[in-house]
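Asker: For the sequence shown, my numbering assigns the number 29 to the initial residue and increments by one for each residue that follows. Glycine included, each C-beta is placed from N, C-alpha and C at the ideal position. Everything numeric in this text was worked out from a predicted model, so none of it was measured. Let me give you the structure first, and then I'll get to my questions.
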Amino acid sequence: MSLPLFRPHDDPGPSFAELLRRSGFENQISPESTSWDGTPPIGKVPVSDFRHGTTCVAVRYSEGVLLAGDRRATSGNLISHRSIEKVFAADRHSGVAIAGAAGPAAEMVRLFQLQLEHYEKVEGEALSLDGKANQLGQMVRSNLPAAMQGLVVVPIFAGYDVKLNEGRLFEYDVTGGRYEETEHATTGSGSFHAGTVLKLGYHASMDAGSVADLALTALFEAADEDSATGGPDPVRGIYPIVATITAEGYERLEDDELAERTDALIERRRAQAESP
């Protein structure tokens, strides 16, 4: 099988789903029959029938790192889930935020959590943060055959390095490549818009509160431009998942606090819209 060639104006970009569509393979995928070892699929289910999680962000600050993710999952042009969780604790001092095919991503996180717990029980101490990041990269790499069929999983890993006494965060590509970021990272369909907000609003001296507000603003702006990213839903009481990881460990912010910060964000946006 030869690789497809595209003209510059017709390049599908980084989207595997778009590559499959333009190459004529979109209708040859079945999520029920695709295994982690790349066994060829049986049946014909369009890529748009899979549930996909979208935008997540991570930001370093003075005390550690913050992870945040919106709550929407989509199946093509349909909203398949309004309150999916995309931010998880990997262990006490690390966490994972997922984007991509929701089923494989959730399974990858559960297996990652189990592996870290097993290592700590066998060795009597937790795996180093670099070791955790490498292990997750290997898991992303093992998912490459499924990713080539449209089941892409691209996480963000963040944690507090107890040896260096600082927060660290890592991005990945679909091949399992691991890249440490010094300030912030984004993943998912709204990552371009969220990343722009983080780039403009970030400064090294930010505390936990200001970083939480920045992350909420980034997700809010991403939802405003990207239909696959869910904005806050005060009617249903659905807000982004936000968690901090510091020397004290992984801690998820309560919805009451997120509601207050979201209300303040909306008021600021309203004031800006009404200002001459």
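Out of 133, 150, 153, 192, which has the shortest C-alpha to C-alpha gap to residue 165?
Answerer: The option with the nearest alpha carbon to residue 165 is 133.
Asker: List the whole-angstrom C-beta distance separating residue 84 from residue 127, where the pair is believed to meet the contact cut-off of C-beta under 8 angstroms.
Answerer: So it is a contact: roughly 6 angstroms between Cβ atoms.
Asker: DSSP puts residue 271 in a beta bridge; with which residues?
Answerer: BP columns for residue 271 point to 95, 280.
Asker: Return the Cβ separation of residue 169 and residue 204 in integer angstroms, given the expectation that the two are a contact with Cβ distance under 8 angstroms.
Answerer: At roughly 3 angstroms, the Cβ-Cβ gap stays under 8 angstroms, so residue 169 and residue 204 are in contact.
Asker: Which residue wins for smallest C-alpha separation from residue 188, given the options 253, 122, 297, 160?
Answerer: The shortest C-alpha separation from residue 188 is found at 122.
Asker: Could you tell me which whole alpha helix (DSSP H) segments of length 4 or greater appear in the stretch 196-233?
Answerer: Qualifying alpha helix (DSSP H) stretches, in chain order: 219-229.
Asker: Using C-beta distances below 7 angstroms, list every residue in its chain close to residue 129, excluding the 5 sequence neighbours before and after it, in chain order.
Answerer: Closer than 7 angstroms at Cβ, skipping near neighbours: 78, 80, 179, 180, 181.
Asker: Please return the same chain residues whose Cβ sits closer than 6 angstroms to the Cβ of residue 214, not counting the five positions on each side in sequence.
Answerer: Contacts found: 85, 222, 223.
Asker: Hey, would you say residue 293 sits closer than 8 angstroms to residue 257, going by beta carbons?
Answerer: No.
Asker: What is the rounded straight-line gap between the Cα of residue 253 and the Cα of residue 218?
Answerer: Residue 253 and residue 218: Cα-Cα distance of roughly 8 angstroms.
Asker: Any contact between the stretch 263-278 and the stretch 86-104? By contact I mean 3 or more CB pairs, one from each, below 8 angstroms.
Answerer: Yes: at least three Cβ pairs fall under 8 angstroms.
Asker: Between the Cα of residue 82 and those of 226, 192, 250, spot the shortest distance and give me the residue it belongs to.
Answerer: Minimum Cα distance to residue 82 is reached at 250.
Asker: Measuring alpha carbon to alpha carbon, tell me which residue in 108, 259, 153, 142 is nearest residue 167.
Answerer: It is 142 whose Cα lies nearest to the Cα of residue 167.
Asker: Taking the C-alpha atoms as reference points, what is the distance between residue 40 and residue 46?
Answerer: C-alpha separation (whole angstroms): 6 angstroms.
Asker: Within the same chain, show all residues whose beta-carbon is closer than 6 angstroms to that of residue 154, passing over the 5 residues directly before and after it, in chain order.
Answerer: Here the set comprises 148.
Asker: Please report the residue range of the alpha helix (DSSP H) in which residue 137 lies.
Answerer: First-last of the alpha helix (DSSP H) with residue 137: 130-151.
Asker: What three-state label does DSSP hand residue 67 in the structure shown?
Answerer: Confidence at residue 67 is low in this model, with a pLDDT of 39, below 50, so the placement of that residue should be treated as unreliable; the coordinate-derived value is given next. Residue 67 falls in the coil class under three-state DSSP.
Asker: Report the rounded CA-to-CA distance for residue 176 versus residue 303, giving the unit in angstroms.
Answerer: Residue 176 and residue 303: Cα-Cα distance of roughly 49 angstroms.
Asker: Beta-carbon within less than 7 angstroms of residue 108's beta-carbon, same chain only, minus the 5 sequence neighbours each way: which residues are those?
Answerer: Cβ neighbours of residue 108 beyond the five flanking positions: 79, 101, 102.
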